[in-house]
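Student: Mind looking over this structure? Questions follow.
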Amino acid sequence: MSVLKELYQEVILDHNKNPRNFRKMDDATRHVEGYNPLCGDHYTIFLKLDGDIIRDVSFEGSGCAISKSSASVMTSMLKGKTKAEAESYFEDFHKLVKGELNAEQNMDRLGRLAAFAGVSEFPARVKCASLAWHTLHAALHDEGAAISTE
Ligand code: ZN
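With this note's numbering as the guide, the letters of the sequence shown map in order to residues 50 to 199.
In structure tokens:
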């Protein structure tokens, strides 16, 4: 567990302090708002799709360290990926934070996402960590303009 704990500290501190792709995208093809009323996390995810390819992805808004670093890590991983690849990361991430995927055995596949394995020990934090991913999922499927975790 110590490798994962170190990764957790490192990735979450770094991405919270210095979030990647933290900007409004004026030429986004889609944008969806996500809200987690339990914690007050509130972000908008911007997507620029070119057919099935995610050309660009960014976010803005505010929330706790877990939600912000999760959105930052997510956006840094998805540029240039296909919609199907993004969905596959979403499934892995969902299983990871629910404690249904062993991070240590899947480090190669998960990369920086493995840092969020520790969240599975704190059920109230699962929604914080998943918010950006649920919002992205809605944006990929064009499911309206806003989602809430409640
Ligand atoms: Zn939160």
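Don't be surprised by glycine CBs; every beta carbon is placed ideally from N, CA and C.
According to the Cβ coordinates, are Leu162 and Val106 closer than 9 angstroms?
Tutor: Position 113 of the sequence shown holds residue 162. Position 57 of the sequence shown holds residue 106. No, the pair does not count as a contact, with Cβ atoms beyond the cut-off.
Student: If you compare alpha carbons, which of Phe139, Phe165, Asn151 and Asp191 is closest to His64?
Tutor: As a first step, residue 64 must be located in the sequence shown, where it is residue number 15. Minimum Cα distance to His64 is reached at Phe165.
Student: Under the criterion of a Cβ to heavy atom distance below 8 angstroms, does Arg72 qualify as lining the ligand ZN?
Tutor: The residue labelled residue 72 in the question sits at position 23 within the sequence shown. Because no heavy atom of the ligand ZN lies under 8 angstroms away, the Cβ of Arg72 does not count as near it: no.
Student: Ile102: buried (16+ other C-beta within 10 angstroms of its C-beta) or exposed?
Tutor: The residue labelled residue 102 in the question sits at position 53 within the sequence shown. With fewer than 16 other Cβ atoms within 10 Å, it is exposed.
Student: Hey, would you say Glu136 sits closer than 9 angstroms to His186, going by beta carbons?
Tutor: By 1-based counting over the sequence shown, the position of residue 136 is 87. By 1-based counting over the sequence shown, the position of residue 186 is 137. Yes, the pair counts as a contact, with Cβ atoms nearer than the cut-off.
Student: Could you pull the DSSP bridge partners for Thr131 from this structure?
Tutor: Looking up residue 131 in the sequence shown gives position 82. Looking at the DSSP assignment, Thr131 forms a beta bridge with Ile102.
Student: To which residues does DSSP link Ala195 through a beta bridge?
Tutor: By 1-based counting over the sequence shown, the position of residue 195 is 146. In the DSSP output, where bridge partners are listed per residue, Ala195 has Glu82.
Student: With a threshold of 8 angstroms, establish whether the CB of Lys176 neighbours any heavy atom of the ligand ZN.
Tutor: Within the sequence shown, residue 176 is the residue found at index 127, counting from 1. Checking every heavy atom of the ligand ZN against the Cβ of Lys176, one is found closer than 8 angstroms.
Student: Is Lys73 helix, strand or coil by DSSP?
Tutor: Taking the first residue of the sequence shown as 1, we reach residue 73 at position 24. In this structure, Lys73 counts as coil in the three-state DSSP scheme.
Student: Per DSSP, Thr93 forms a beta bridge with which residues?
Tutor: To locate residue 93, count along the sequence shown from 1; it is residue 44. Answer is Glu82 and Glu109, bridged to Thr93.
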